[in-house]
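The numbering of the sequence shown is my numbering, which starts it at 165 and goes up by one. The structure appears right after this line, and notes come after that.
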Amino acid sequence: MQRAIIIPTSQRHWPPALSRPVATFSIVAWDAALPAWGIAVASKFPAVGAVVPWAIAGVGAVATQSYANTAYGPEGLHMMADGLSAGETLDRLLAEDPGRDQRQAGLVDAAGGGSTFTGSSCLPWAGGMAADGLAIQGNILAGPQVVEAMAQSFTETTGDLPDRLIAALLAGDRAGGDRRGRQSAALLVVREGGGYAGGNDRWIDYRVDDHDDPVPRLAQLLELHRLYFGKSPPEDRLPLEGDVLHRLVHILHSLGYVDNADESALTPDVQKALRHFIGNENFEDRCDLEAGWIDRPAYEFLVQRFGD
């Protein structure tokens, strides 16, 4: 199990209670089947993903917001790594924080226990809810309907944890979200070996730091992640022959990879050109030139982007 970052007591920094508020709505959740832990968050605040979400696979996840105490992230993960539940961890964090009345936080622990807190001095509307594997919270919101919409969407949405988190965030956004407006959003989901080439736990880690409508843009980034890093079942692989190869060769010709646009076979020259093209477009994992196939989603994306 990966360990949380340990901050020696002498190096801890508790931010003052009076600082700029991170007016935010967030959801922290757990998927027991994988297992995976994640946070989705949005705010009328720049780069909210640099402040609110913290998570380590096998340990838990933390969202810290309002007059955010970012020490809640590493400290909370350290406490949960040592075996404290989400509720016990939150209680200890609050007990040690003189600015607790202006803090807001949500935690989910290694076993899926959820806990949330909204300080009495958080700016209205502020509140949240927690259940098994779930904590939702927000401040400076349009109203309680934001949290309610997020909970309903997360519960009713099918799919994996990233899909459900994005659906919940979008539901909260469309229910009014941050009453000041929109600016940034982030999605962080961790699972053991979920990162690039299995080298770390960062399965999904995307941020929209400054955008007029950041939550839909975040959803688009998740779709791009699936496009580049997903895999199709064998029945959805397209043989590199016939019309599929013909259209790809035309794209290769239009981009200057081959001289002959009428090549109809996967010759060594076409294969070499395709290898360069596929590599330049980062689809090496969605195409096997030796076996002679390409995943349908990658093919359709390339045709849409480069075809005539």
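We put the CB at the ideal spot given by N, CA and C, even for glycine.
{"Check": "C-alpha distance - Arg381 paired with Gly345, whole-angstrom precision", "Outcome": "15 Å"}
{"Check": "Which residues DSSP lists as bridging Met293, in chain order", "Outcome": "Ile300"}
{"Check": "Alpha helix (DSSP H) runs contained entirely in the region 394-418, provided each spans 4 or more residues", "Outcome": "406-418"}
{"Check": "Among Pro403, Phe465, Glu405, the one whose alpha carbon lies nearest that of Glu387", "Outcome": "Phe465"}
{"Check": "Limits of the alpha helix (DSSP H) - the one that Ala313 falls within", "Outcome": "309-320"}
{"Check": "Val205 (DSSP reduced to helix, strand or coil)", "Outcome": "strand"}
{"Check": "Opposing strand residues paired with Pro217 [DSSP bridges]", "Outcome": "Ala227"}
{"Check": "Nonlocal neighbours in the same chain, by C-beta distance under 6 Å from Gly213, ignoring five residues either side", "Outcome": "Ala350, Arg371"}
{"Check": "For Met165, the three-state DSSP class (helix, strand or coil)", "Outcome": "Any answer about Met165 is weak, because its pLDDT of 38 lies below 50 and its placement is not dependable; what the coordinates show is given next. Of the three classes helix, strand and coil, the one that applies to Met165 here is coil, per DSSP."}
{"Check": "Assigned exposure category for Gln175 - 16 Cβ within 10 Å defines buried", "Outcome": "Reliability fails at Gln175, whose pLDDT of 42 lies under 50, so the model's placement of it is uncertain and the value that follows must be treated cautiously. Classification for Gln175: exposed."}
{"Check": "Three-state secondary structure (DSSP) of Asp377", "Outcome": "coil"}
{"Check": "Residue burial classification, Arg469 (beta-carbon count within 10 angstroms, cutoff 16)", "Outcome": "exposed"}
{"Check": "Beta-carbon proximity list for Gly276, same chain, < 7 Å, skipping 5 on both sides", "Outcome": "Trp194, Ala196, Asp296, Gly297"}
{"Check": "Counted within 10 angstroms of its Cβ, other Cβ atoms place Asp407 as buried (16 or more) or exposed", "Outcome": "exposed"}
{"Check": "Alpha carbon of Thr234 to alpha carbon of Asp337, nearest angstrom", "Outcome": "24 Å"}
{"Check": "Residue closest to Pro199, alpha-carbon to alpha-carbon, out of Leu241, Gln347, Arg355, His410", "Outcome": "Arg355"}
{"Check": "First through last residue of the alpha helix (DSSP H) which encompasses Gln468", "Outcome": "460-470"}
{"Check": "Inter-residue spacing [alpha-carbon to alpha-carbon] between Pro288 and Gln266", "Outcome": "11 Å"}
{"Check": "Assumed close pair Pro398, Gly456 - CB separation to whole angstroms, cut-off 8 Å", "Outcome": "The Cβ separation is near 13 Å, so there is no contact."}
{"Check": "CB contact flag (Tyr236, Leu258, <7 Å)", "Outcome": "no"}
{"Check": "CB contact below 7 Å: Gly323 versus chain C", "Outcome": "Included in the structure is just one protein chain, with no chain C present."}
{"Check": "Cβ-based burial, Gln384 [other Cβ within 10 Å; buried from 16]", "Outcome": "exposed"}
{"Check": "Segment limits, alpha helix (DSSP H) that includes Val434", "Outcome": "432-444"}
{"Check": "At least three beta-carbon pairs within less than 8 Å, the region 321-334 to the region 207-227", "Outcome": "no"}
{"Check": "Any non-hydrogen atom of the ligand GDP closer than 6 Å to Leu257 Cβ", "Outcome": "The ligand GDP is absent from the structure shown, which contains no ligands of any kind."}
{"Check": "Exposed unless 16 or more other CB atoms sit within 10 angstroms - verdict on Phe393", "Outcome": "exposed"}
{"Check": "Extent of the continuous beta strand (DSSP E) to which Tyr370 belongs", "Outcome": "366-372"}
{"Check": "Whole-number beta carbon distance between Val353 and Val272, since they are thought to touch under 8 Å", "Outcome": "About 12 Å; that fails the 8 Å criterion."}
{"Check": "Sequence-distant residues of the same chain with beta carbon closer than 6 Å to Val422, five excluded per side", "Outcome": "Leu416, Ala437"}
{"Check": "Residues of its chain near Ser207, where Cβ-Cβ distance is below 7 Å and the 5 sequence neighbours each way are ignored", "Outcome": "Val186, Ala187, Thr188, Asp342, Gln347, Ser348"}
{"Check": "Residues that DSSP places opposite Phe189 in a beta bridge", "Outcome": "Ala206, Gly302"}
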